[in-house]
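Below is one structure; the comments refer to it alone.
Listed below in structure tokens is the structure:
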């Protein structure tokens, strides 16, 4: 319960993606505030599909890190 509350109310933008097709499974309140997308609107869609990626070079770097480390932290991302 505490972990779920920490995720939901964190001041950092946090999203959980499906490992197979990189679609959104869950996002926190900071994600919704910063992107304007709510969970029901973005659920099952990808960041590319909804036009969040402004920097495709950063996207490639993040996906590379995810492939190796299975998580990414402290990575600045510019969204549209």
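Residue numbers (my numbering): 205 to 284. For each residue, glycine too, the CB sits at the ideal point set by N, CA and C. What you are looking at is a predicted structure, and each value in this text was computed from that prediction instead of being measured.
- DSSP lists no bridge partner for residue 278.
- Residue 208 and residue 261 have their C-alpha atoms roughly 31 Å apart.
- Closest by C-alpha distance to residue 271, out of 205, 232, 219, 224, is 224.
- Residue 233 holds the alpha-carbon nearest to the alpha-carbon of residue 217 among 205, 233, 229, 228.
- With contacts defined as CB atoms closer than 8 Å, residue 227 and residue 255 fail to qualify as a contacting pair.
- Straight-line spacing of the CA atoms in residue 274 and residue 253 works out to 22 Å.
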